[in-house]
Amino acid sequence: MHKIISVLLLAVALVNARDINQAGLDLIEGFEHFEPNFYIDAVGIRTIGYGHNCEALGCSGIEAPISKATAEDILKKDLVKFENCVQNAVPFVNDNQFAALVSLTFNIGCGNFGESTLLKDLKAKNYSAAANEFASWCKGTVGGKKIVLNGLVKRRAAEKALFLK
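Below, the structure written as structure tokens:
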């Protein structure tokens, strides 16, 4: 009986899985920029493709250079974790809100998203306050110090615009 329940729960989870929409995928790809070879990002993390973080997600088995198609496949696999974080936290958001939140969470991590004021505002259904919270996530750690990164300012503005669309 326990195995049947486990299989049913897995089936329900697979049916309820939610994917980022094309607008969200385009947003991430636009800000992450395609890099066919390994590089060190703005905060010192080894990365490849469309923001694939080797430190957090691993890079064993990836041989550079990679094609755009391979980079997009890697990105879509990477996003599953973040799509699940957002879906589990706020299953009631619309597709553009979901996409904007997945982009944010891909960048800041599930833990930070889970503890954010933005999430608290969403759970309270305060969408305008939540939208304004995107701007709170514009800093990166460079040389041991948190500084505002212009690329993150632009990305958060684009995420907010998609969230409000």
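Mapped onto mature numbering (1 follows the signal peptide of the UniProt record, and there is no 0), the consecutive letters of the sequence shown carry residue numbers -17 to -1, 1 to 148.
Ideal Cβ positions, reconstructed from N, Cα and C, are used throughout, including at glycine.
query, result
"I31 versus D56, T100, D2, G97, residue with shortest Cα-Cα distance", "D56"
"CA-to-CA distance, A107 to L84, given in whole angstroms", "16 Å"
"Beta-carbon spacing of L10, S86 below 8 Å", "yes"
"Residues bridged to I28 [DSSP beta-bridge criterion]", "Beta-bridge pairing links I28 to no other residue."
"First and last residue of the uninterrupted alpha helix (DSSP H) at Y110", "110 to 116"
"Beta-carbon gap between D2 and E66 smaller than 8 Å", "yes"
"Identity of the residue in K122, E142, N90 nearest G34 by Cα", "N90"
"Boundaries (first-last residue) of the alpha helix (DSSP H) holding V85", "78 to 91"
"Backbone secondary structure at F17 - three-state DSSP", "coil"
"Residue nearest to L145 in terms of C-alpha spacing, selected from G92, A113, E18", "A113"
"Assigned exposure category for R29 - 16 Cβ within 10 Å defines buried", "exposed"
"8 Å CB neighbourhood of K122 in its chain, flanking five on each side removed", "K129, I130, V131, L132, L135"
"Of the listed residues D78, S50, K60, A118, nearest to G41 (C-alpha basis)", "K60"
"8 Å Cβ cutoff met for C78 and N4", "Just to set this straight, residue 78 is Asp in the shown sequence, not Cys. Against a cut-off of 8 Å, the Cβ pair of N4 and D78 comes out as a contact."
"C-beta contact flag for G97 and A72 at 8 Å", "yes"
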